[in-house]
Amino acid sequence: MLGLQVIINGILSGGLYAVVAIGFSLIWGVMNLINLAHGSMIILGAYITYLITDKTGLDPFLTLPVSGLILFSVGFLTQKFLINRIIQASVFMTLILTFGLDLLFINMNLSLFTADLRSITTSYAGLGWKFGDLAIPYTRSGVFVFALILTLGLFLFMERTRLGKAIKATSFDREAAGLVGVNVSRVYALTFGLGAGMAGMAGSLISVVYSFSPVVGATFTMKSFVVVVLGGLGSIPGAIIGGLILGIAENIASVALEAGYKDAISFILLVGILVFRPRGILGKKFYAEVKES
Amino acid sequence: MKKTGLVSLLVVAGGFFLLCPFFLNAYVLRILTNIFMFAVITQALNIIAGYTGYPAFGNVVFFGLGAYGTGIMMVKFQLPFVGSMLVGSLLCVLFTAVFGLPLLRLRGHYFAIATLGLNEATRAVVDNLTNLTGGGMGLSLPLPYGTVQANTRFFYYLLLGTSVLSLLFSAVLIKSRFGFALRTIRSNEESAEGFGINTVRHKILSWMISALLTGMAGCIYAYWMSYIEPSAVFDMTISIKSFVMLLLGGTGTLLGPILGAFFVEGLSLLTWSYLLNYHIGILGILIMAVVIFSPRGFIAFLKDRLLFAGDPFTLKNREPASGRRPER
Numbered sequence: 324m325l326g327l328q329v330i331i332n333g334i335l336s337g338g339l340y341a342v343v344a345i346g347f348s349l350i351w352g353v354m355n356l357i358n359l360a361h362g363s364m365i366i367l368g369a370y371i372t373y374l375i376t377d378k379t380g381l382d383p384f385l386t387l388p389v390s391g392l393i394l395f396s397v398g399f400l401t402q403k404f405l406i407n408r409i410i411q412a413s414v415f416m417t418l419i420l421t422f423g424l425d426l427l428f429i430n431m432n433l434s435l436f437t438a439d440l441r442s443i444t445t446s447y448a449g450l451g452w453k454f455g456d457l458a459i460p461y462t463r464s465g466v467f468v469f470a471l472i473l474t475l476g477l478f479l480f481m482e483r484t485r486l487g488k489a490i491k492a493t494s495f496d497r498e499a500a501g502l503v504g505v506n507v508s509r510v511y512a513l514t515f516g517l518g519a520g521m522a523g524m525a526g527s528l529i530s531v532v533y534s535f536s537p538v539v540g541a542t543f544t545m546k547s548f549v550v551v552v553l554g555g556l557g558s559i560p561g562a563i564i565g566g567l568i569l570g571i572a573e574n575i576a577s578v579a580l581e582a583g584y585k586d587a588i589s590f591i592l593l594v595g596i597l598v599f600r601p602r603g604i605l606g607k608k609f610y611a612e613v614k615e616s
Numbered sequence: 460m461k462k463t464g465l466v467s468l469l470v471v472a473g474g475f476f477l478l479c480p481f482f483l484n485a486y487v488l489r490i491l492t493n494i495f496m497f498a499v500i501t502q503a504l505n506i507i508a509g510y511t512g513y514p515a516f517g518n519v520v521f522f523g524l525g526a527y528g529t530g531i532m533m534v535k536f537q538l539p540f541v542g543s544m545l546v547g548s549l550l551c552v553l554f555t556a557v558f559g560l561p562l563l564r565l566r567g568h569y570f571a572i573a574t575l576g577l578n579e580a581t582r583a584v585v586d587n588l589t590n591l592t593g594g595g596m597g598l599s600l601p602l603p604y605g606t607v608q609a610n611t612r613f614f615y616y617l618l619l620g621t622s623v624l625s626l627l628f629s630a631v632l633i634k635s636r637f638g639f640a641l642r643t644i645r646s647n648e649e650s651a652e653g654f655g656i657n658t659v660r661h662k663i664l665s666w667m668i669s670a671l672l673t674g675m676a677g678c679i680y681a682y683w684m685s686y687i688e689p690s691a692v693f694d695m696t697i698s699i700k701s702f703v704m705l706l707l708g709g710t711g712t713l714l715g716p717i718l719g720a721f722f723v724e725g726l727s728l729l730t731w732s733y734l735l736n737y738h739i740g741i742l743g744i745l746i747m748a749v750v751i752f753s754p755r756g757f758i759a760f761l762k763d764r765l766l767f768a769g770d771p772f773t774l775k776n777r778e779p780a781s782g783r784r785p786e787r
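Residue numbers (our numbering), protein chains in the order written: chain A, 324 to 616; chain B, 460 to 787.
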């Protein structure tokens with residue numbers, strides 16, 4: 324029974340990891356840009372939810388559109404006015420730039436919300452379904468369902484809409500996309516906006532199940548790295564698979580070994596996958612990789 | 460002519476720093492010591508990332524390993540500092556020997572992330588080996604003997620010496636056959652192999668040297684601070700900071716790491732002292748401003764225009780620090 328409970332816990336956190344990583348994966352896959360400020364954007368989303376529920380008593384799940392929209396605008400403007408200026412320079416310039424952005428966000432969160440650890444307690448926190456020995460909390464399953472909806476939504480957007488197709492086209496070949504009339508710098512701004520919006524909504528979901536402070540963002544950036552490497556760059560189904568593998572592996576590790584080894588497992592997984600299957604489990608060639616080889 | 464000018468400038472600077480403890484107070488000495496420590500770390504990073512072209516993003520793992528190697532030897536085995544430092548540095552070299560082969564097969568982003576993962580995994584293991592490392596509680600090292608003043612000078616000279624050592628070492632390295640081989644690997648690994656260079660051996664050796672120097676800085680740091688904890692010595696910020704220093708100072712140059720260390724540490728010191736509540740954010744804005752307005756690095760810009768035009772220590776055929784220039 325314990326084994327089943329561990330797997331269920333793993334799946335529930337896996338869904339959350341998928342939605343945490345998906346914006347990061349999109350931005351990296353399309354623009355060959357590693358966004359080190361990703362974790363701070365997630366935390367910003369969490370604070371937006373915290374602020375709204377604290378002031379109005381609204382259910383945290385209902386704040387998703389707000390955090391998504393605010394972060395979308397932040398991301399769009401950041402890319403348009405900042406990152407687009409140096410997107411063609413070397414990868415390390417963009418890496419350093421997003422690190423600077425990360426510091427700025429951390430400082431902003433610190434001065435707006437202080438360094439205290441915050442969490443949101445809903446009226447149904449601690450309640451859940453019981454099947455014999457198995458327990459499935461409402462909050463965590465709610466988070467899981469919303470994570471799946473968001474991921475599916477992004478998938479449909481990328482596959483079915485013209486804009487989504489333009490983003491995909493740009494990710495495969497920037498020059499060719501430009502030649503057939505795609506406005507590349509606008510697509511880049513939209514992509515970063517989408518990635519940041521997903522990060523913001525992921526943050527709202529996190530605020531329901533974890534406690535957070537301005538400095539814990541880096542943990543989520545790291546998790547995103549692992550999920551993206553596991554599932555493959557820029558792949559949405561890959562993010563789900565990567566998230567589930569990470570969630571289940573972590574939960575098994577914290578039962579089989581000491582709980583502290585949870586993080587070690589995820590990074591051993593990361594290094595192992597990189598060495599033995601560098602393109603991830605579902606990864607295909609994206610623009611970034613075509614350029615590198 | 461240029462060369463002798465530069466060498467005499469370096470000698471004058473060296474002499475100045477040798478005399479510093481006689482007229483500067485302990486606070487300023489401590490700041491300088493910290494700058495020298497970062498100069499060593501960045502010089503080490505330059506060997507693998509600048510000359511060989513492998514962006515070892517998680518190089519801080521050697522800083523942490525060196526610090527813990529020294530700490531454990533001194534606390535659990537009562538070894539003196541010099542012996543512990545030897546063990547700590549050797550630990551880093553051994554670590555590279557084990558992980559270098561699988562990791563150095565990766566390139567670009569993937570190598571960068573793998574080294575990052577290596578650092579986080581090592582940190583987690585150190586965090587959990589509580590019997591040996593003290594875990595999250597950290598490890599307190601025996602205090603150095605002598606007065607506070609004497610110790611301040613001791614660590615000042617120790618890290619000044621180490622940074623000079625790493626500078627001289629890099630100077631010899633880049634002029635040697637080995638250094639030329641490393642730069643060939645950076646420009647094109649396939650053709651390097653075609654020339655008969657054993658790329659695997661060269662890459663591992665250059666990472667070992669980088670690890671050794673970073674580890675030495677970690678060893679000294681542990682004894683200097685006399686308290687270490689995993690979150691402080693395996694801190695990714697150290698790595699990212701030294702990358703910023705390297706990029707600002709100029710990748711693949713000899714003096715770049717030192718100038719970068721002075722510039723970035725000086726900047727963060729100014730923001731610390733005048734804008735305490737906003738220092739992280741201001742540092743972030745400054746980093747972004749430098750990247751946007753001067754992608755080749757602030758110091759490279761100064762160097763071209765003012766300081767060392769035609770500097771013989773700069774590699775003639777080096778790529779611009781930013782790789783490709785922006786198209787717009």
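Heads up, the beta-carbon is just placed ideally off N, CA and C, and yes, glycines get one too.
In this structure, how does DSSP classify F693 (chain B) when only helix, strand and coil are distinguished?
In the structure shown, the three-state DSSP call for F693 (chain B) is coil.
What residue does the beta strand (DSSP E) around G449 (chain A) start on, and which one ends it?
Counted as a single uninterrupted DSSP element, the stretch harbouring G449 (chain A) is not any beta strand (DSSP E), since DSSP gives it neither H nor E.
Tell me the rounded alpha-carbon separation between G547 (chain B) and A541 (chain A).
Here the C-alpha atom of G547 (chain B) lies approximately 28 Å from the C-alpha atom of A541 (chain A).
Buried or exposed, going by whether 16 or more other CB atoms sit within 10 Å of the CB of G504 (chain A)?
Note on G504 (chain A): under 16 other CB atoms within 10 angstroms of its CB, so exposed under the neighbour-count rule.
List the residues of chain A whose Cβ lies closer than 9 Å to the Cβ of F702 (chain B), in chain order.
Chain-ordered, the chain A residues with CB closer than 9 Å to the CB of F702 (chain B) read F415, L418, I419 and F422.
Spatial neighbours of A304 (chain A) in its chain, beta-carbon cut-off 8 Å, leaving aside the 5 residues before and after
A question about residue 304 (chain A) goes unanswered here, because the residues of chain A that appear run from 324 up to 616.
Are the Cβ atoms of L726 (chain B) and L706 (chain B) separated by less than 9 Å?
Result no, Cβ atoms of L726 (chain B) and L706 (chain B) do not sit closer than 9 Å.
Based on Cα-Cα distance, which residue from B:S629, B:F540 and B:M544 lies nearest to F521 (chain B)?
Nearest neighbour of F521 (chain B) by Cα position, chosen from B:S629, B:F540 and B:M544, turns out to be B:M544.
Would you mind working out which of A:L356, A:F395, A:S589 and A:F454 sits nearest S413 (chain A), comparing C-alpha positions?
It is A:L356 whose Cα lies nearest to the Cα of S413 (chain A).
Which residues in chain A have a C-beta closer than 8 Å to the C-beta of Y737 (chain B)? List them in chain order.
Ordered by position in chain A, the residues that pass the 8 Å Cβ test against Y737 (chain B) are N430 and S434.
Would you kindly report the start and end of the unbroken beta strand (DSSP E) that includes P460 (chain A)?
L457 to P460 is the extent of the beta strand (DSSP E) around P460 (chain A).
Might you give, ordered along the chain, the residues of its own chain that have their beta carbon closer than 6 Å to the beta carbon of K585 (chain A), omitting 5 neighbours on each side?
Taking K585 (chain A) as the centre and dropping the five residues before and after it, the same chain places the C-beta of E573, A576 and S577 closer than 6 Å to its C-beta, in chain order.
Between the CA atoms of A681 (chain B) and F495 (chain B) - distance to the nearest angstrom
Going from the Cα of F495 (chain B) to the Cα of A681 (chain B) covers about 15 Å.
E573 (chain A) versus chain B: which residues are under 9 Å apart at the beta carbon?
The contacting residues do not exist; E573 (chain A) stays about 12 Å from chain B at best.
For the candidate residues A:I419, A:R485, A:G487 and A:Y373, whose alpha-carbon lies nearest to that of V750 (chain B)?
It is A:I419 whose Cα lies nearest to the Cα of V750 (chain B).
Assigned exposure category for T463 (chain B) - 16 Cβ within 10 Å defines buried:
Taking all protein chains shown into account, T463 (chain B) has fewer than 16 neighbouring C-beta atoms within 10 Å of its C-beta and is therefore exposed.
Within 9 Å of any Cβ in chain A, is that where the Cβ of N587 (chain B) sits?
By this cut-off, N587 (chain B) is an interface position.
Identify the residues that DSSP records as bridge partners of Y686 (chain B): which are they?
Bridge pairing for Y686 (chain B): B:S599 [DSSP].
Any 3 or more C-beta pairs closer than 8 Å across the region 550 to 565 of chain B and the region 620 to 630 of chain B:
Short answer: they don't touch.
Can you pull the chain A neighbours of M747 (chain B), defined as C-beta to C-beta under 8 Å?
Those are L405, L420, G423, L424 and L427, listed as they occur along chain A.
Which residues in chain B sit within 7 Å of A562 (chain A), going by Cβ to Cβ distance?
In chain order: nothing, as chain B lies at least about 16 Å away.
Let me know the secondary structure DSSP gives R441 (chain A) once reduced to three states.
Look at R441 (chain A) here: in three-state DSSP terms it is strand.
What is the DSSP secondary structure of F637 (chain B), counted as helix, strand or coil?
Looking at F637 (chain B) - three-state DSSP - the assignment turns out to be helix.
Under a three-way DSSP split, which group does F535 (chain A) fall into?
Taken through DSSP and simplified to helix, strand or coil, F535 (chain A) comes out as strand.
Beta carbon of F540 (chain B), beta carbon of P603 (chain B): below 9 Å?
Their beta carbons are under 9 Å apart, which means F540 (chain B) touches P603 (chain B) by this criterion.
Looking only at C-alpha atoms, which of A:G487, A:A579 and A:L592 sits nearest to L325 (chain A)?
Sorting A:G487, A:A579 and A:L592 by C-alpha distance to the C-alpha of L325 (chain A) places A:A579 at the top.
Does any CB atom of chain A fall closer than 9 Å to the CB of L706 (chain B)?
Cβ-Cβ to chain A under 9 Å: yes for L706 (chain B).
So I429 (chain A) packs on I739 (chain B), CB below 8 Å; how close in whole Å?
Between I739 (chain B) and I429 (chain A) the Cβ distance is about 6 Å, and since that is below 8 Å, they are a contact.
Closest residue to S665 (chain B) among B:L632, B:L598 and B:C678 (Cα-Cα distance):
Cα-wise, what sits closest to S665 (chain B) is B:L632.
Scan the region 363 to 383 of chain A for residues whose Cβ lies nearer than 9 Å to a Cβ of chain B and list them as they occur along the chain.
The residues in question: there are none.
Span separating the alpha-carbon of Q537 (chain B) from that of P601 (chain B)
In a straight line, the C-alpha of Q537 (chain B) is about 9 Å away from that of P601 (chain B).
Cα-Cα, which of B:F752, B:A748 and B:I744 is closest to L427 (chain A)?
Its Cα nearest to that of L427 (chain A), the residue B:I744 stands out among B:F752, B:A748 and B:I744.
So, with DSSP's three-state summary, where would you put V503 (chain A)?
V503 (chain A) falls in the coil class under three-state DSSP.
Unbroken alpha helix (DSSP H) run spanning T401 (chain A), endpoints:
If you look at T401 (chain A), you'll find it in the alpha helix (DSSP H) that goes L387 to F404.
Verify the CB distance criterion: does P561 (chain B) have a CB-CB separation below 9 Å to chain A?
Yes, because at least one Cβ of chain A sits closer than 9 Å to the Cβ of P561 (chain B).
Which two residues bound the contiguous alpha helix (DSSP H) that contains S577 (chain A)?
Element bounds for S577 (chain A): I559 to A579.
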